[in-house]
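Worksheet: the structure to be examined is printed underneath.
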Amino acid sequence: MNGVKTALAVLCVAAQIAAGTESRRTIISLNGTWQIEETASPDVLPESYSGTVPVPGLIDMAGPTPFEDVGYETAYKRYFWYRREFTVGDSIPDTALLKINKAKFISQVYVNGKFVGENPHNFTPGIFDVKRWLKAKKTNELVVRITTYENTPPTIMNGFDAEKKRYIPGIYDDVSLILSGQQFIENVQVVPDVEHKAMRAVVQLKSGAGEAAVTYRIRECNSGKVVASGEADGLDFTVPIPGCKLWSPASPFLYTLELETESDSYSTRFGMRSFRLDHKTGKAYLNGKPFYMHGTNVCIFRFFEDPDRNGLPWDEAWVRKLFRKMKTMHWDSIRFTIGFPPERWYEIADEEGFLIQDEYPIWYNNERRISLFKKDLSLIHVEFEKWMRERWNHPCVVIWDAQNETTTTKTGDAIRKVRHLDLSNRPWDNGRGAPVDINDVAEVHPYLYNKFRKDENPIPEEGLLKYALSTVRIPDNGPAQFTPPVSGAEQYPNPFIINEYAWLWINRNGTPTSLTEVLYPKAFGKLTKEQLYTTYARHLAMKTEYWRVHRKCAGVLQFCVLSYSRPEEPKGETSDNFVDIKNLIFEPTYERYVKDAFSPVTLMIDFWESEVSKDRDEEIRIMIINDTYTDWAGKLKLTLRNAEGVVFKKRKRVEVDALGKISVSIPVQWGVEPGACSLTAELKYNGDKVQSIREFEVR
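First residue of the sequence shown: 1, per the UniProt record's numbering; consecutive thereafter.
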């Protein structure tokens, strides 16, 4: 059915071209059902095609007979050939470009049997000039050849991930044919100026286009209302925006910039948004105001190998539902980690209101492993530039992330070569490499329980919680530990962002992952499935409370909302937190506790004892933060429960200023019989209960 719809769209566009509208840009979608075949030869096109495959998608979706062991490393080289036909109108215009948004691994293009070119890069667009090979008024054949993960050359990144098992190839993003005139607009960078309520546009024309007059219109995206229009003063111009509305996660207001030359038209969406990090305060600033980032991670390349994935990443309704599900957890930020999703995901993030830390798929840990895998990062700046050009108009993209957990100087060198290209001057994250600028990210992964999965590290007598959370820590496991500052300082002065921190993963079926199957019984004893779910949820919630309330970082992002779940051999190292991925149903215990921990107004019981004496008096300290721009006031309730029920409740009215933090002490005399007890601190935010819970034994 998709193929029929695409064919109809092509015919419709062809009719428009024939009617004489070729003086403006036409974009023909080539998404749909393509033919597919595998060969052992890299340069001989198949004579016939035995299967079909959706575009965008992955090769494991091919049928009627699936390709054997697709995505697993083989001793022989494999080549997959995609084929489809399309038509254009009565003539071929001056500009005819084929754009493959993203395909892996290494895409080669053939039009009507002739080799057009190759895009060696797997995570950035391939744009091919196909004008000389196209036929007007006739059927054209397009063939795209891709290969496999292990066939990428040393200087090209292939998305290595030590915790993956399958690298499934495929054209996993949109394919389109772009037809236009000589004065073709190749790229536009929109630079919002929030302070002056204006937009700067820098236009790049096709080589050889000569001088061109450019006219512009700026519209409100949803209403279509024109707010500014005129003739541009050159190819680098600034336009005031009357009634300027800012973009933010709370109000993701979008504009559309429309440009025209004599023979081309171009449009791009943008948001009036500024974002920066400040080393003096350690905070992020959104539109000039402090902004505490709350969020999660999406590990899309791991999800690509999940057995329940199917076509979900390309189902727009499912993707939008996923983003809205994340909003219910009070998240406003996402790291797209170790791989990029299809481009439509960024458009939806713009529309739904998320801040994206966009991470290039580089994860080798150290130079030794880079060498072991025969990789050379000396040309990575070439890929970085293509990546930036594709994404820089998305208001959702606020941080360029060069790599994950890798100690190397090469990504820092690449950042220095390309960062000037982004006129919005977004901050960069350089993983375990030294931050390049003082206001860049110091990415930290404080996995406080990690070491206890090893036999030589016994569980502390005071318990994990008191060991890990009873003092105010500076978040570690970041660049200072792996690439120490030249100055000899213990830390870089850069703002911290924590985007991994729990080390408590369990699979969707309630079993520990390969990284936690030793830790759970060692630290918590024998647990039922439901006890595992609860232990995971409560400890993740407590760690989230801890890192947020102490405010030692600009953002706290849990790992992760979307990944694989591999409970069977070969077992997965991590997992997401769904019990039904198709219908996006979270494990209920996780949803309950972690949602509270990420509430914009939340609280933490600063109490980490595993045992207390029944005769002891205690001052229980409760810390409350307000990450909103509005003062909050309400009742704080502290409840002690044992096996018999509620022992006591204490209430106190409290107030927290906008972006403020307070500490409240409540005296407690335990006075209960020995046994299991719990303390619950509770407040209400926007009508919802927000709780912090501690469990312990009274002796």
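Idealized CB from N, CA, C, for every residue including glycine. For clarity, every value in this text was computed on a predicted model and none was experimentally measured.
Between residue i and residue j, which are expected to be in contact by the criterion C-beta below 8 Å, what is the C-beta distance as a whole number of angstroms?
i	j	result
G661	M623	In the sequence under discussion, the amino acid at residue 661 is Lys, which differs from the Gly named in the question. Right, their Cβ atoms sit about 7 Å apart.
V398	I356	7 Å
V561	M326	6 Å
F598	M329	6 Å
T215	E186	Actually they are not in contact, since the Cβ atoms of T215 and E186 sit about 17 Å apart, beyond 8 Å.
N494	H445	N494 to H445, Cβ: 15 Å. No contact.
D401	D440	At roughly 10 Å, the Cβ-Cβ gap does not stay under 8 Å, so D401 and D440 are not in contact.
K649	I666	Going by Cβ atoms, the distance from K649 to I666 rounds to 11 Å, so no, they are not a contact pair.
Hey, how far is the Cα of residue i from the Cα of residue j?
i	j	result
W503	P93	56 Å
H121	L205	23 Å
L423	Q558	30 Å
C396	S487	35 Å
L257	A96	23 Å
T124	I28	20 Å
T21	N140	Note on T21: pLDDT 35, under 50, position unreliable in the model; the coordinate value appears next. Taking the straight line from one Cα to the other gives about 21 Å.
G353	R320	11 Å
F696	I498	28 Å
D615	F304	56 Å
E490	P42	52 Å
D161	D306	15 Å
R83	S48	10 Å
Y364	T483	15 Å
P512	V518	9 Å
A232	S248	28 Å
P435	G63	47 Å
E443	P427	12 Å
D580	N509	10 Å
A554	F291	8 Å
E611	N158	50 Å
S229	K289	30 Å
V194	Y266	23 Å
L584	E262	48 Å
Y285	G271	16 Å
T147	D60	14 Å
K454	P600	36 Å
residue 701	R391	This structure leaves residue 701 out entirely; the chain is present only between 1 and 699.
V647	Q669	11 Å
Does the beta-carbon of residue i, which I'm using as the reference point, lie nearer than 7 Å to any heavy atom of the ligand NAP?
i	result
L515	The ligand content of the structure shown is nil, which means the ligand NAP is not present either.
Buried or exposed for residue i, going by 16 or more other Cβ atoms inside 10 Å?
i	result
K280	exposed
A541	buried
D688	exposed
S23	Note on S23: pLDDT 43, under 50, position unreliable in the model; the coordinate value appears next. S23 is exposed by the Cβ-count criterion.
P54	buried
K77	exposed
K375	buried
A658	exposed
A250	exposed
S72	Per the sequence shown, residue 72 should be read as Tyr rather than Ser. With fewer than 16 Cβ atoms within 10 Å of its Cβ, Y72 is classed as exposed.
P313	buried
P240	exposed
G57	buried
residue 733	Outside the displayed range of the chain (1 to 699) lies residue 733, so it cannot be described from this structure.
N222	exposed
L11	Bear in mind that the predicted position of L11 carries a pLDDT of just 34, short of 50, making it too unreliable to give a figure here.
H420	exposed
S692	buried
T324	A small fix is needed here, since residue 324 is Arg in this sequence, not Thr. Exposed: under 16 other Cβ atoms inside 10 Å.
K451	exposed
E37	buried
- Query: At a cut of 8 Å, does the stretch 193-208 reach the stretch 406-420 through at least three beta carbon pairs?
  - Reply: no
- Meets three-Cβ-pair contact criterion under 8 Å: the stretch 375-390 and the stretch 427-438: no
- Task: Take every Cβ of the stretch 633-647, pair it with every Cβ of the stretch 665-681, and state whether three or more of those distances are shorter than 8 Å.
- Result: yes
- Per the contact definition of three or more C-beta pairs closer than 8 Å, is the stretch 101-114 in contact with the stretch 128-138? yes
- Considering only residues of the stretch 255-335, which uninterrupted beta strand (DSSP E) runs meet the minimum length of 3 residues and lie entirely inside it, listed in chain order? The beta strand (DSSP E) runs of length 3 or more contained entirely in the stretch 255-335 are, from start to end of the chain, 255-260, 265-270, 275-278, 283-286, 289-291, 293-298.
- Query: Are the stretch 527-537 and the stretch 273-292 in contact at 8 Å, needing three or more beta carbon pairs?
  - Reply: Taking 8 Å as the limit for Cβ pairs, the verdict is that the stretch 273-292 does not touch the stretch 527-537.
- Starting from the N-terminal side, write out each stretch of the beta strand (DSSP E) that is 3 residues or longer and does not extend beyond the stretch 176-246. 185-193, 198-205, 215-220, 226-231, 236-240
- Query: Which parts of the stretch 438-472 are runs of the beta strand (DSSP E), unbroken and 3 residues or longer, counting only runs that do not cross its ends?
  - Reply: 442-444
- Query: Enumerated in chain order, which unbroken segments of the beta strand (DSSP E) with a length of 3 residues or greater are wholly contained in the stretch 125-173?
  - Reply: 126-129, 139-146
- Item | Continuous beta strand (DSSP E) assignments of at least 3 residues falling wholly in the stretch 330-393 | 333-336, 355-359
- Message: Check whether the stretch 177-194 and the stretch 150-166 touch, using three or more Cβ-Cβ pairs below 8 Å as the test.
- Response: no
- Item | Complete beta strand (DSSP E) runs within the stretch 19-53 (minimum length 3 residues, chain order) | Counting only runs of 3 or more, we get 26-29, 32-39.
- Query: In chain order, which beta strand (DSSP E) runs of at least 3 residues are fully inside the stretch 557-637?
  - Reply: Runs of the beta strand (DSSP E) spanning 3 or more residues and lying entirely within the stretch 557-637 occur at 578-580, 601-605, 617-626, in chain order.
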